[in-house]
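Residue numbers (our numbering): 39 to 173. From the three backbone atoms N, C-alpha and C, an ideal C-beta is built for every residue, glycine too. Remember, predicted model here, so these are calculated numbers, not experimental data.
Shown next as structure tokens:
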């Protein structure tokens, strides 16, 4: 199964989560600045929220990918003060015609003093289990 991992990370939380996804899948995570040019079965895409919004670079990345080259998009992310970033990520990809998995993963992410230490080891263990269920 061909897999790719992309993320946008302002505070390092999504990057840390992407590294865990990479450990499980054996695939090197890349930022959304890295184009996706090959066909993949699964694209794991992660981001957090800042001022209650997913960074626009996630949408810019999505626009560069041909939905026909991605069988399924799986969303993940973290948030400190708001709800999950997944609905926004899902909407970006669905509006562009991607098949987005119902399953997703969200945990707390640290932002300054809010939820310091997250994602913690319990969060990352849960993420590992989640990725295994997707594969």
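Does the beta-carbon distance from residue i to residue j come in below 8 Å?
{"i": "residue 96", "j": "residue 124", "result": "no"}
{"i": "residue 165", "j": "residue 65", "result": "no"}
{"i": "residue 147", "j": "residue 86", "result": "yes"}
{"i": "residue 75", "j": "residue 41", "result": "no"}
{"i": "residue 130", "j": "residue 100", "result": "yes"}
Pick from the options: whose alpha carbon is nearest that of residue i?
{"i": "residue 144", "options": "42, 39 and 160", "result": "160"}
{"i": "residue 162", "options": "100, 41 and 52", "result": "52"}
{"i": "residue 115", "options": "41, 169 and 79", "result": "169"}
{"i": "residue 154", "options": "129, 142 and 119", "result": "119"}
{"i": "residue 113", "options": "40, 127 and 171", "result": "127"}
{"i": "residue 107", "options": "93, 92, 90 and 134", "result": "134"}
{"i": "residue 89", "options": "83, 104 and 122", "result": "122"}
{"i": "residue 189", "options": "111, 156, 92 and 158", "result": "Outside the modelled stretch of the chain, which goes from 39 to 173, sits residue 189, for which no answer is possible."}
{"i": "residue 82", "options": "94, 156, 50 and 109", "result": "109"}
Please classify residue i as buried or exposed, where buried requires at least 16 other C-beta atoms within 10 Å of its C-beta.
{"i": "residue 54", "result": "buried"}
{"i": "residue 137", "result": "exposed"}
{"i": "residue 84", "result": "buried"}
Taking contact to mean at least 3 C-beta pairs separated by less than 8 Å, is the stretch 67–83 in contact with the stretch 44–58? yes
Whole alpha helix (DSSP H) runs in the stretch 76–152 with 4 or more residues, listed along the chain? 94–101 and 124–133
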